[in-house]
Structure formats: C-alpha cells, structure tokens
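One structure is given below, encoded as structure tokens.
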Amino acid sequence: MGRTLTAIILAAGKGTRMKSTRAKVLHRVGGRPILRYVLDAVRGVDPNEILVVVGDRADDVRAELAEDAVRTVEQKRQLGTGHAVFQARGIAAGETLLIVPGDLPLLTAAVLETFLAYHARERAALSVLSMVLPNPGGYGRVLRDTKGSPTRIVEARDATAEESVICEVNSAIYCVSNDAFLWETLSMLKTANAQREYYLPDLVERFRSARRKVAAVAVDDPRRVLGINSRAELARAERVLREEKVEELMASGVTVLDPERTYVEPTVAVGQDTVLLPGTHLVGNTRIGEDCTIGPDTWVEDSTVEEGCRVRYSVLESAKVRPRSKVGPYAHLRPGADVGPEVRIGNFVEVKASRVRRGAKAGHLAYLGDAEVGEEANIGAGVITCNLGYHGKTKHRTKIGDRAFIGSNASLIAPVTVGEDAVVGAGSTIAEEVPAGTLAIGRSRQVIKKKKEARE
Ligand code: UD1
Ligand code: CA
1 MGRTLTAIIL AAGKGTRMKS TRAKVLHRVG GRPILRYVLD AVRGVDPNEI LVVVGDRADD
61 VRAELAEDAV RTVEQKRQLG TGHAVFQARG IAAGETLLIV PGDLPLLTAA VLETFLAYHA
121 RERAALSVLS MVLPNPGGYG RVLRDTKGSP TRIVEARDAT AEESVICEVN SAIYCVSNDA
181 FLWETLSMLK TANAQREYYL PDLVERFRSA RRKVAAVAVD DPRRVLGINS RAELARAERV
241 LREEKVEELM ASGVTVLDPE RTYVEPTVAV GQDTVLLPGT HLVGNTRIGE DCTIGPDTWV
301 EDSTVEEGCR VRYSVLESAK VRPRSKVGPY AHLRPGADVG PEVRIGNFVE VKASRVRRGA
361 KAGHLAYLGD AEVGEEANIG AGVITCNLGY HGKTKHRTKI GDRAFIGSNA SLIAPVTVGE
421 DAVVGAGSTI AEEVPAGTLA IGRSRQVIKK KKEARE
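Here's what the structure looks like:
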C-alpha cells in the first residue's frame, strides 16, 4: 500500500506583480481561474486530502472553492511560502505532503504523477521538481554539489552573478515527509533575504545540513510548470493553452485557417470537417457540430451550433443553432435564441428568447425578441417585436405562424399572434390577432395633395 498523501496548494500570496485588485489565483486563463487548473491536476493524483492555504482576498478564494472537497487554511499575513506551508501544521494528516503553488495553470496530473513516483523511488525526505530554462529569469536557482545532489535553492533576487546563470530552477512543487522534523525546520526558517520572507526553498539547505536526503529532478516539459506572476506570464499561459487546443482540434479533423488568430477555450468541442476562420472565439460551454464554417470574426459563447451551419461576423451568447442554418453577417443571437434547422438569420438581425423554426428567414435589420416564428415564415427588413407593456416581469410573446409573411418595417406589439399563411403589410403596427390566411394592414392611408394645398 502506498503512503497517505496530503496535497497543499499555496494560494495566499499577494500577487503584487499582477498589479490587480483581484486575487492572483483567480485571474483567468482559457476562461477559468488559474486555481481551477491546479486543483484539477492535484485531484488527478488522488490525494487523501487537499488543503488550500488562503490569505490575500481569502473570501474570494474561498468562494471559488465553495463547491470543492477541499479544506482551506488561512495564512493571515503573507510572510512567505515557508510560512504559508507552516499554517498546515497539525492539520495536514497524510504521511507525505505534495506542495504545489496555486499559480501554475498549465500543470497536469501526469507531471505530478511522475514526480510522486520519483520521490518514492529516491526514498528522499524532500524532493524538488525543477526545470531547465534557457532564460531562468525570476525563478529560484537550484544549486548542486559536484556529485549532483541539490545543496540549496537561491532566489533570483538573492543570487550572485555566478548563481544567476544557472539554468536549473525551482518549479516550487515539492514532496516531503510529514514528520516532526519538517515542522520544526519550518518553524526555524529565517527571513534574512532580499524579500524578508520565510522561503520554503530554504528547506533544501536545512534538510541537507541535517543529513536528510534531498533529491531534485527536472520536469520533461517546462511549459507545464510556468508560474504566473505578471500579466505577461498570464498572456504566455493563455497562448500555450490556445496553441494546444487548436493543435488538438486540427488533429481531430478540424480545419483552422490561422491558428494564431483562432481562440478556442479548452472546454469547447468542435466537430470533424468544420472550418474555423480567423478571428473566431469559441468560449465557455460551446459545442460546434460537423461541417460548419465559423468566422471570420465571430464570438460564440455558451452556445450550440449543430452540423452544416455557417456563422459569419456574428455574436452568439447562450444560443442554439440547429442544422444547416446560416447566421450573419453581423447577426446577434442572445440568450434563449433557438434557431433552425435551415433558418437564415441575416444582416443586422438580433434574436433573443425566441424559437425560429425550420426554414424561416429574417434576412435584414430585424429584432425578434420573446417570439415564436413558424416554419418557412418570412420576416421582412426592419421588422421588430415590441413589448410595450413590459414592467420587468414576464414578457409577452409574439407568435408568428408557419409560412406567415411579415412585411418590411412592421411592428408586432406583444402579446399578439399572426396566424399561418397570414400576411402583414409593410409598415404596419400590429397589436391585435391576425387570423390565419388573412392580410392585415395597420398603417395610415397615404394621402396625395397638390403642393399648393399642402402649404395651406
Ligand atoms: C517561488 C519560489 C521560487 C520558484 C517559483 C516557481 C519561493 C520563495 N520561491 O517564487 O524558488 O522558482 O516559485 O514558480 O518560494 N504564497 C502564499 N503565501 C505567501 C507567499 C506566497 O500562499 O506568503 C503562494 C502564492 O499564492 C503562490 C505561491 O505561494 O501561489 C508562490 O509564491 P510566489 O510569490 O508566486 O513565489 P515566486 O516568487 O514565484
Ligand atoms: Ca509564482
């Protein structure tokens, strides 16, 4: 049987370099808070318990974790990573502790799995996951003796010129035995460093002085342990996630014309033989079917687009588009829009909380809100549904029957029904039912006068 494992996620830091009023670990990458990715990775190795150290904007971080099976521990003052782990004294119960910073959005369970196996194999008291970077930047440098054993980690700000050129750096992921020695050592850390903080990496030197085995191993793919401390690093993580998602889509049979200009969040699914044109953003809980063409310059959020659709220069939010429909250019489908199949929503048409059935057409400049539009109905240019009686409660509905024809610039004032095969004359204001098969004209009659008379 393996040893019991407690994962400790450090999420209390101030994130000063983000220059933000928001907690660092709640900044989003690929549409989700950074902390979510860390949690997913940690859960993937199945620890017996997960502790999250919170501090800076603790309430916000706790709120994010409200639904998660984790325990939070508060670090009231952010005195450093060593001090953060110390808050788990007497709480962390596993025989082994896996310590992970909360700011690594590209981390995966596979990385942690490999590292845990390494720690067990080395029989070390403390293991450090490192990485080798051509430009080690602000990361802590891992120093080793002539035999290759780690001796010390020195923070970039405390490093001498010779130490600064070392390319093996600390990922801030550690495995350590949960015993009295650990807690005692943590309690004895000093703040004699550039940041006046209790540094967790100082454990390396202290464990070594006490002749406890310390091991360090470099991760295969350093991208997985990219830490987010600044907006520039946030953008870098975003880019990596985007590249990986687009690669994955292309490998599964999606054509992406310009991967650099296509933004697909990790949560999105796209069907085979669909083409994504530049400037396409697929966001949140979005599903795109097979054989669609999406873009250019289109935003699809929390929406479903079924097979064979074409969506150009448009914005879709919590909408559904059924098979073989055409949307855009410049259409806006708002929450509750459910259009198709074989529908055409054209230039400058807005649809909200409306069901538009098979084969209906709204080609230009229309607003359809809180409406039912029947099969093959035709909505002319400039048609709008109105809700004059709206006082913030339930909205009245406009019902347009199958094959009805609504002439240009008609206003339909809800609640109102236009029956099947009915015709509404252009420019009409319709506030009463139009029975099936009839023609309704609701506009003032045209008057012709001589110009002279008109002046009188
Ligand atoms: C840390 C390491 C550095 C390593 C780098 C890798 C230290 C001193 N340095 O530096 O060696 O190369 O990570 O990304 O550990 N935190 C708390 N409480 C605190 C301070 C920090 O919970 O008082 C949390 C932060 O929320 C963050 C994590 O610990 O999630 C790391 O802190 P951060 O300030 O980002 O450390 P780095 O400067 O990146
Ligand atoms: Ca960091």
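Quick note on the working numbering: the sequence shown kicks off at 1 and runs consecutively. Each residue gets a CB set at the ideal place from its N, CA and C atoms; glycine is no exception.
What does the Cβ neighbour count give for residue i, buried or exposed, with the cut at 16 atoms within 10 Å?
i	result
A360	buried
M1	Any reading at M1 needs caution, since the residue's pLDDT is 46, under 50, leaving its predicted position unreliable; the model's value is listed next. Counting Cβ neighbours within 10 Å, M1 comes out exposed, since fewer than 16 surround it.
D370	buried
G253	exposed
K449	exposed
N378	buried
E74	exposed
A362	buried
G138	exposed
I478	Any question about residue 478 goes unanswered here, given that the chain covers just 1 to 456.
A64	One detail in the question is off: residue 64 reads as Glu in this sequence, not Ala. When all chains shown are included, E64 counts as buried.
T146	exposed
A440	buried
M188	exposed
F380	Sequence check: residue 380 is Gly here, not Phe. So G380 counts as buried.
G419	buried
Q195	exposed
E67	exposed
D202	buried
R224	buried
Going by the CB atoms, is the gap between residue j and residue i shorter than 7 angstroms?
i	j	result
D421	G442	no
T81	L200	yes
A12	G44	no
L533	V256	The requested residue 533 is not part of the displayed model; the chain covers only 1 to 456.
R367	E350	Position check: residue 367 holds Tyr in this sequence, whereas Arg was assumed. Yes, Cβ-Cβ distance for Y367 and E350 is below 7 angstroms.
D60	A23	yes
D472	S318	The requested residue 472 is not part of the displayed model; the chain covers only 1 to 456.
V42	A69	no
V479	I288	Missing from the structure shown is residue 479; the chain here goes from 1 to 456 and no further.
E184	T191	no
V204	V217	no
V383	I406	yes
S408	A426	yes
G140	E163	no
L5	F86	no
Y37	I99	no
A58	L10	no
Any heavy atom of ligand 4 closer than 6 angstroms to the Cβ of residue i?
i	result
D273	Ligand 4 is absent from the structure shown, which contains only ligand 1 and ligand 2.
Minimum length 4: unbroken alpha helix (DSSP H) runs contained in the region 111-167:
161-164
State whether the region 357-376 contacts the region 336-349, with contact taken as three or more CB pairs (one from each stretch) at a distance under 8 angstroms.
yes
For the 8 angstroms Cβ check, are there 3 or more pairs between the region 133-152 and the region 165-173?
yes
Would you call the region 33-41 and the region 95-109 in contact, with 3 or more CB pairs under 8 angstroms?
yes
Inside the region 369-445 only - beta strand (DSSP E) runs reaching at least 3 residues:
371-373, 384-386, 398-400, 411-413 and 416-418
Those runs of the beta strand (DSSP E) which lie wholly inside the region 172-226 and span at least 3 residues
214-218
Specify whether the region 229-239 and the region 112-119 touch according to this definition: at least 3 beta carbon pairs, one from each stretch, less than 8 angstroms apart.
no
Whose CB is closer than 6 angstroms to a heavy atom of ligand 2? List the residues in chain order.
P101, D103, G227 and N229
Contact between the region 276-294 and the region 304-323 is defined here as three or more beta-carbon pairs at a separation below 8 angstroms; is this criterion met?
yes
Give, in chain order, every unbroken run of the beta strand (DSSP E) that is at least 3 residues long and sits entirely within the region 255-313.
262-264, 280-283 and 298-301
Taking only runs of the alpha helix (DSSP H) that begin and end inside the region 58-101, which ones reach a length of at least 4 residues, in chain order?
58-64 and 81-86
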